[in-house]
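Some notes on the structure that comes next.
In the working numbering, the protein residues as written are 7 to 152.
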């Protein structure tokens with residue numbers, strides 16, 4: 007069950023998006039215009055899967071902290087200690103004693119840690135700014151800092 011605060015924040019079209027995403031088992035593309043609350047819709051969908059296993063959020067490196075802040079804000083049942091931001095090989099979630107509820111990773115780090123990430127079973131995958139996903143011969147974030 008999603009928190010009342012989150013449900014009350016969703017506009018009618020976002021509630022429609024949430025219902026659509028849930029009918030599709032979380033497999034959907036949220037392609038609303040910029041500024042219409044795609045992150046909030048994705049978090050609402052993720053909140054419905056949080057007890058089924060870890061959630062992986064893949065985003066540009068610069069957005070990792072924003073994702074963590076939004077997750078903490080809208081998912082009070084997910085403690086800050088249960089949100090893991092990946093910055094390098096050393097804080098690969100595989101090295102943790104228990105898997106966090108949410109892992110937030112950049113495209114570049116996902117590429118570097120792809121083997122470990124593929125070994126983990128994820129309840130849900132969120133790909134933010136998916137236009138960054140390209141053919142494997144191209145680097146998705148050429149100027150990214152890890």
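Even for Gly, the Cβ is constructed at its ideal location relative to N, Cα and C.
Quantities reported herein were computed from a predicted structural model and do not represent experimental measurements.
In terms of alpha-carbon separation, which member of 11, 45, 129 and 38 lies closest to residue 70?
As a working mapping, residue 70 is identified with position 64 in the chain shown. Taking only the C-alpha atoms, the option nearest residue 70 is 45.
Collapsed DSSP secondary structure at residue 124 in the structure displayed:
As a working note, residue 124 is residue 118 in the chain shown. Helix at residue 124.
Do you know how far the Cα of residue 56 is from the Cα of residue 4?
For residue 4 there is no data in the structure shown, the boundaries of the chain being 7 and 152.
Please state whether DSSP places residue 132 in a helix, a strand or coil.
Your numbering for residue 132 matches position 126 in the chain shown. Three-state DSSP puts residue 132 in a strand.
On the three-pair Cβ rule with 8 Å, is the stretch 59-74 touching the stretch 23-30?
no
Pairs of beta-carbons, one from the stretch 37-44 and one from the stretch 83-91, closer than 8 Å: are there three or more?
no
Given residue 112 as reference, the closest of 65, 131, 105 and 79 once Cα atoms are compared
Indexing the chain shown from 1 puts residue 112 at position 106. The candidate whose alpha carbon is nearest that of residue 112 is 65.
For residue 65, which beta-bridge partners are listed by DSSP?
Position 59 of the chain shown, counting from 1, holds the residue named residue 65. Answer is 112.
Can you pull the DSSP bridge partners for residue 89?
In the chain shown, the residue the question calls residue 89 occupies position 83. Note: residue 89 sits in a beta bridge opposite 108.
Do residue 36 and residue 130 have their C-beta atoms closer together than 7 Å?
Position 30 of the chain shown holds residue 36. Position 124 of the chain shown holds residue 130. Against a cut-off of 7 Å, the Cβ pair of residue 130 and residue 36 comes out as no contact.
Selected residue, minimal CA-CA separation from residue 108, among 16, 114, 135 and 48
Within the chain shown, the letter at position 102 stands for residue 108. That would be 48, whose Cα lies nearest to the Cα of residue 108.
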